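Novice: Residue numbers (the numbering used here): 34 to 178.
Where a beta carbon is used, it is the ideal one built from N, C-alpha and C, also for glycine.
None of these values were measured; they are calculated from a predicted model.
Shown next as structure tokens:
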């Protein structure tokens, strides 16, 4: 399993995370495929608003029943399998860039998430998981007495 980064503990990406992102984008082969045959890593967007964090996975060509979402011991784990189409007999393939096989992404949630209210929506090849912020993670105004 890849090392875990907690994007949800501090609410902001730190410098190391930003450097990781830049380095990974510099080498596209590292961004989408693992060295292990049959595995790939879907692209993910992380964002937030006042009340929620959002994790959006780009997984086109997969039915929603091929994806599994688990929350356990402070971890959000998303896994699935994208099946390769059958190679058509009589065709010569000159290039095959689409990735298939199993994937798994794991994120450390920390204590800023209300795990009881997590939900997910899958539409047009995008899986969006909504992670509601826990009450203690919500900004609040304190009156001065």
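Can you check which of these residues, 150, 133 and 86, is closest to residue 119 by C-alpha distance?
Specialist: The alpha carbon of residue 119 has as its nearest neighbour, out of 150, 133 and 86, the alpha carbon of 133.
Novice: Look up residue 176 in the DSSP assignment and say whether it is helix, strand or coil.
Specialist: coil
Novice: Quick one: Cα of residue 142 to Cα of residue 167, how far?
Specialist: Take the alpha-carbon of residue 142 and the one of residue 167: they are about 11 Å apart.
Novice: Grab the span of the beta strand (DSSP E) containing residue 80 for me, first residue to last.
Specialist: 77-81
Novice: What are the boundary residues of the beta strand (DSSP E) that residue 87 is part of?
Specialist: 85-91
Novice: The beta strand (DSSP E) with residue 103 in it runs from where to where?
Specialist: In this chain, the beta strand (DSSP E) harbouring residue 103 covers 100-105.
Novice: When you compare the CB positions of residue 165 and residue 150, do they come within less than 9 Å of one another, or not?
Specialist: Cβ distance < 9 Å, so residue 165 and residue 150 count as in contact.
Novice: Reducing DSSP to helix, strand and coil, say where residue 116 ends up.
Specialist: coil
Novice: Taking just the CA atoms, how far does residue 110 sit from residue 121?
Specialist: 34 Å
Novice: Considering Cα atoms alone, identify which of 102, 162 and 124 is closest to residue 137.
Specialist: 102
Novice: For residue 76, which residues from the same chain have a beta carbon less than 6 Å from its beta carbon, with the 5 sequence-adjacent residues on both sides left out?
Specialist: 91
Novice: Checking the sheet assignment: what are the DSSP bridge partners for residue 164?
Specialist: 86
Novice: So, is residue 61 buried or exposed, given that buried needs 16 or more other C-beta atoms within 10 angstroms?
Specialist: In this prediction, residue 61 scores a pLDDT of 49, lower than 50, which makes its location untrustworthy; no coordinate-derived value is stated.
Novice: To the nearest whole angstrom, what separates the beta carbons of residue 159 and residue 99, a pair I think is in contact under 8 Å?
Specialist: The pair is not a contact, with the Cβ atoms about 14 Å apart (cut-off 8 Å).
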